[in-house]
Amino acid sequence: MAKLNLDGVECRYGSVTVLEEVSLSVKEGDFVGILGPNGSGKTTLLKSISRILKPYRGTILLNEADIYTLRSVDVAKQLAVVPQDSNIGFSFAALDVVLMGRNPHMSRFQMESSKDMAVAKKAMVLTNTWQFAERPINELSGGERQRVIIARALAQEPKILLLDEPLTHLDIVNQLEIMDIVKELCVKEKIIVLAVFHDLNLAARYCISAIMLKKGKIFAAGGLTEVLTSENIKSVFNVDTIVQRHLVSNSIFVIPLSPQKTSKYKKCSVHLICGAGTGTALMRVLLDEGYSVTAGVLNVLDTDFETAQFLKIPVTTEAPFSPITEKAHKANLAMISKASTVVLTSVPFGYGNLQNLAAASAALERGIPTFVVDEVPIEKRDFTEGKAKAMFSDLRNKGAEFVKNQNELLSLLNVSVENLKTAKEERDRILNHLKPEETRKEIEEETPG
Amino acid sequence: MSVEEVESTYSRRTSRWKFILGLLVFALFVTVLISLNVGYAQISFDKILAIISKEIPFLNSLVDSSWILPKDSAIILQIRLPRIIAGVIVGAALAASGVVYQGVFKNPMADSYVLGVSAGAAVGASFSLLFGTGVVIFGLRIVQVAAFIGALSAMFIVYNISRVGARVPVTTLLLCGIAVNFFLYSIVALLEVIAGDELHAIVFWLIGGFSNVLWSDIWAVLPFIIIGTVASYFYARDLNLLALGEDQAQHLGVNVERAKQILLVLASMVTAAAVSLSGLVGFVGLMVPHITRLVIGPDHRILFPASTIVGAIFLVICDAIARVVATPFASTLELPVGIITMLAGAPFFIILFRKKKQSYAL
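Protein chains in written order, with the numbering used here: chain A, 1063 to 1511; chain V, -13 to 348.
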């Protein structure tokens, strides 16, 4: 059974060091994701393992033998590689290309035996490529060609499979099908899989363990859940993410949040009256737009509550599954009076949160501009035998501004600020398009601010 | 073809290849026979067959040779046959090395002369034609020896300039080949300028032809060509894998640098031997592999032997044409075969290429 050990591997292109102090030990049946941003050394790591780039320092052992002292053909019996992209010179038939995977198992003067043929066919059926076995490889689409290359790697019957971002050309169905095949081989045949992923969610779905590379060094290594954390992703990729376990697929998943925009304009504060997830998207958007956000009253464990926690938004809370008490309502009103605007989302109303409607009403009475997002008709989300509906209609009478959806709300909120912003964007655009230094200066001088 | 048939087609591939090769070998024999008939002196086929079979052990006792004129026998055996055999081996050698170079370089413009072999041979030949007329080395004409040595030296210079550590990147090789070619051809041009009376001989040699080929010339180069060609054929599958790119070939178990080294040296040796016999016959090493690939596909296990035979057939036919064209002028005009290969081959290739260009990519 195969084993792969890297010890203190350092790789260089000329005098530039691209990989440093990489030590790694992979045992049979492991599925290792190699993660990291562009230029972090992922592909170089695969190149050094696949004998394309000999390490400047350090050793790579395949079953305790230095991989660079073994014969090419002996390595190829154990280790197969699926490259990022293949450009094949001559118009070989797809089946010919897959049969080339049998090369390490054949002696110099042998023709492919019926066994080789059977292995190739099996690999092609698995990868859903058998139907174009006779077609020339360079007439296939990028995705089809990549599947043929994967079939070729499988035809090698390897113990170790290296995949270098193999799914770039594939659509989502093909991606999942191919990865399912690889995963199955990993589980059933106990082969080692080392795969470079750009898509962290694909990595999360299939990998058992992971390595995260940053500037040529291992930043984190170990079990997938230990490596794929939002802290690590932040340090390595410099992007905010939410990492959660998905309820259906039971694998962790990563949601990237767009890099935080630092708004120069200090906008007003917005208090959200929401619940049951109706405020989640809005919280993020409002923060992005530069508003300061508060929310309440929310039950602890409510989706909106969790989002608020994550985004560090101040919240007035109530105990889980409990109706809003007078105490919480008071605290909420105190919070509302500090806000310059109140937004009521399309939250369903039951007897437990009827008080939140009262809070919106109170806001209007105190003269605070209040927006109502009326996405779902109140009839459909009133679970209080008409009480909520009555209170809801009353809001209109008290002068609340009704909007159809989130976008409309944002445009209303943004009207004044947006004007300033577009003016600035237009100026930037003109400045960027005018190359000559003098014109640039002229415009900069002429434009105020 | 339906998917079910694919499997059986592939399993019958070996026999199909054998059939193709058998057909080509037969075509070669017919070509040689017809070519023996071509020439100023009219010698009928039955005479030709009788003359040839008289030379073959066991068969000679069965043939009545009393009716054959010694003159005819001499024309066939000492003039036409060596010339035709030279055509066979030079055509085969150039086509074989062309296949190897195109496979290693993954470049459609690669031919037998890509590593400066032609220019090296040209320098050697021009020098010897200019300064060493009549000199004989080990029973061989000095032109032949000088061309062979010149060709191999040029190849080793190009190879060593291109080497980066243990690796020889093909792009560097190609560019070095071009640079060295230019340099050496400038020397040839210089020699041509100062040549005077010998200019005619140099120009003829540069175009390439088989006039006055002797059996001894053939025996001298035959071992190099046979060994080089047969040894290259052992690497046919490696050539297939190299078509995937060097990295992928490495992944599939080819020792890329060693395979490249061996193949380039073998192919250069074969080319050097061929040009030392015939001069710089153009087109064969570039186009014959392309034409053969268009017809039978890219698998080097069949492409290599098939191209070799097609190259032989092609050059023998071209030489026959050269002789036919020259016949009305008796033996006063000798038309170099190199002119025919290019005149006849280029249009043929263009027609074939236009017909099949959709399925052809390199």
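Every residue gets a Cβ at the ideal spot worked out from N, C-alpha and C, and that includes glycine.
Keep in mind it's a predicted model, so treat the numbers as computed, not measured.
What is the DSSP secondary structure of D1444 (chain A), counted as helix, strand or coil? Three-state DSSP puts D1444 (chain A) in a strand.
Since M1274 (chain A) sits in a beta bridge, which residues does DSSP pair it with? DSSP output for M1274 (chain A) lists A:L1097 and A:A1282 as bridge partner(s).
Other residues of its chain near F1299 (chain A): CB distance less than 6 Å, five sequence neighbours each side excluded: Spatial neighbours of F1299 (chain A) in its own chain (CB-CB distance under 6 Å, excluding positions within 5 residues in sequence) are listed in chain order as P1099.
Can you pull the DSSP bridge partners for P1318 (chain A)? In the DSSP assignment, P1318 (chain A) is bridged to A:T1303.
For K130 (chain V), count neighbouring Cβ atoms within 10 angstroms of its own Cβ and tell me buried if that reaches 16, exposed if not. First, the amino acid is wrong: residue 130 (chain V) is Gln here, not Lys. When all chains shown are included, Q130 (chain V) counts as buried.
F220 (chain V) CB to nearest chain A CB: under 7 Å? Answer yes: the Cβ-Cβ gap between F220 (chain V) and chain A drops below 7 Å somewhere.
Excluding sequence positions up to five away, which residues of its chain have a Cβ less than 6 Å from the Cβ of L1482 (chain A)? Bear in mind that the predicted position of L1482 (chain A) carries a pLDDT of just 42, short of 50, making it unreliable; the figure below should be weighed with that in mind. Closer than 6 Å at the Cβ level, and outside the excluded window around L1482 (chain A), lies no residue.
Rounded C-alpha distance that separates I61 (chain V) from A298 (chain V): Taking the straight line from one Cα to the other gives about 22 Å.
With 16 as the cutoff for other CB atoms within 10 Å, does Q1417 (chain A) come out buried or exposed? Under this definition Q1417 (chain A) is a buried residue.
Cβ neighbour criterion (16 or more within 10 Å) applied to Q1172 (chain A): Q1172 (chain A) should be labelled exposed.
Unbroken stretches of the alpha helix (DSSP H), 4 residues or longer, contained in the segment 59 to 147 of chain V: Counting whole runs of 4 or more residues, the segment 59 to 147 of chain V contains the alpha helix (DSSP H) stretches 67 to 91 and 103 to 117.
C1248 (chain A), DSSP secondary structure in three states: Per DSSP, reduced to three states, the secondary structure at C1248 (chain A) is helical.
Who pairs with I401 (chain V) in a beta bridge, going by DSSP? Because chain V in this structure spans residues -13 to 348, residue 401 (chain V) falls outside the shown range and cannot be described.
Buried versus exposed call for I1335 (chain A) [16 or more other C-beta atoms within 10 Å across all chains shown]: Buried, by the Cβ-count rule.
If you scan the segment 1066 to 1094 of chain A from start to end, which runs of the beta strand (DSSP E) of 3 or more residues do you find wholly inside it? Within the segment 1066 to 1094 of chain A, the complete beta strand (DSSP E) runs of at least 3 residues are 1078 to 1089.
Alpha-carbon to alpha-carbon, R1170 (chain A) and D1178 (chain A): Answer to the nearest angstrom: the Cα atoms are 15 Å apart.
Across the segment 107 to 117 of chain V and the segment 72 to 91 of chain V, are there enough close Cβ pairs to call them in contact, namely three or more that are closer than 8 Å? No, the segment 107 to 117 of chain V is not in contact with the segment 72 to 91 of chain V.
Is it true that the CB of G324 (chain V) sits closer than 7 Å to the CB of G268 (chain V)? Their beta carbons are under 7 Å apart, which means G268 (chain V) touches G324 (chain V) by this criterion.
Do the segment 196 to 213 of chain V and the segment 73 to 81 of chain V meet, that is, are 3 or more Cβ pairs less than 8 Å apart? The segment 196 to 213 of chain V vs the segment 73 to 81 of chain V: in contact.
For L170 (chain V) versus A105 (chain V), is the C-beta distance shorter than 7 Å? In terms of Cβ geometry, L170 (chain V) and A105 (chain V) form a close pair [threshold 7 Å].
Sheet register partners of N1361 (chain A) (DSSP bridge): Looking at the DSSP output, N1361 (chain A) shares a beta bridge with A:E1380.
Using the three-state DSSP reduction, which class does D1456 (chain A) fall into: helix, strand or coil? Helix at D1456 (chain A).
Tell me whether the segment 1180 to 1200 of chain A and the segment 1143 to 1161 of chain A touch, counting them as touching only if at least three CB pairs, one residue from each stretch, are closer than 8 Å. Enough Cβ pairs lie closer than 8 Å, so yes.
When DSSP labels each residue in this structure, what does A1257 (chain A) get in the three-state scheme? Three-state result, A1257 (chain A): strand.
Let me know if E1351 (chain A) comes out buried or exposed under the rule of 16 or more other beta-carbons within 10 Å of its beta-carbon. By the C-beta density criterion, E1351 (chain A) is buried, having at least 16 other C-beta atoms within 10 angstroms.
Looking at L225 (chain V): is its Cβ nearer than 7 Å to the Cβ of G89 (chain V)? Remark: C-beta atoms of L225 (chain V) and G89 (chain V) approach each other more closely than 7 Å.
Who are F1433 (chain A)'s beta bridge partners in DSSP? F1433 (chain A) is bridged to A:V1405 and A:E1463.
If you count every other CB in all the chains shown that lies within 10 Å of the CB of M95 (chain V), and 16 or more means buried, which is it? With fewer than 16 Cβ atoms within 10 Å of its Cβ, M95 (chain V) is classed as exposed.
Counting Cβ pairs closer than 8 Å, one from the segment 1270 to 1285 of chain A and one from the segment 1294 to 1308 of chain A, do we hit at least three? The segment 1270 to 1285 of chain A and the segment 1294 to 1308 of chain A touch, with no fewer than 3 CB-CB distances between them shorter than 8 Å.
Looking at S1313 (chain A): is its Cβ nearer than 7 Å to the Cβ of A1257 (chain A)? With respect to A1257 (chain A), S1313 (chain A) sits apart: the two C-beta atoms are not nearer than 7 Å.
Could you check whether the Cβ of V1143 (chain A) sits closer than 7 Å to any Cβ belonging to chain V? Answer yes: the Cβ-Cβ gap between V1143 (chain A) and chain V drops below 7 Å somewhere.
Taking the DSSP output, what are the residues bridged to S1331 (chain A)? S1331 (chain A) is bridged by DSSP to A:S1354.
Given a threshold of 16 other Cβ atoms within 10 Å of its Cβ, counted over all protein chains shown, does I336 (chain V) qualify as buried or as exposed? Counting other Cβ atoms within 10 Å of its Cβ, I336 (chain V) stays below 16 and is therefore classed as exposed.
Partner residues on chain A for L81 (chain V), Cβ-Cβ distance less than 8 Å: Contrary to the premise, residue 81 (chain V) reads as Ala rather than Leu in this sequence. Taking a Cβ-Cβ cut-off of 8 Å, A81 (chain V) has no neighbours in chain A, whose nearest Cβ is about 17 Å from it.
Given that M1274 (chain A) touches chain B, what residues does it touch there, using C-beta distances under 7 Å? Among the chains of the structure shown, chain B does not appear; the protein chains present are A and V.
Would T1403 (chain A) be called buried (16 or more neighbouring beta carbons within 10 Å of its own) or exposed? T1403 (chain A) is buried by the Cβ-count criterion.
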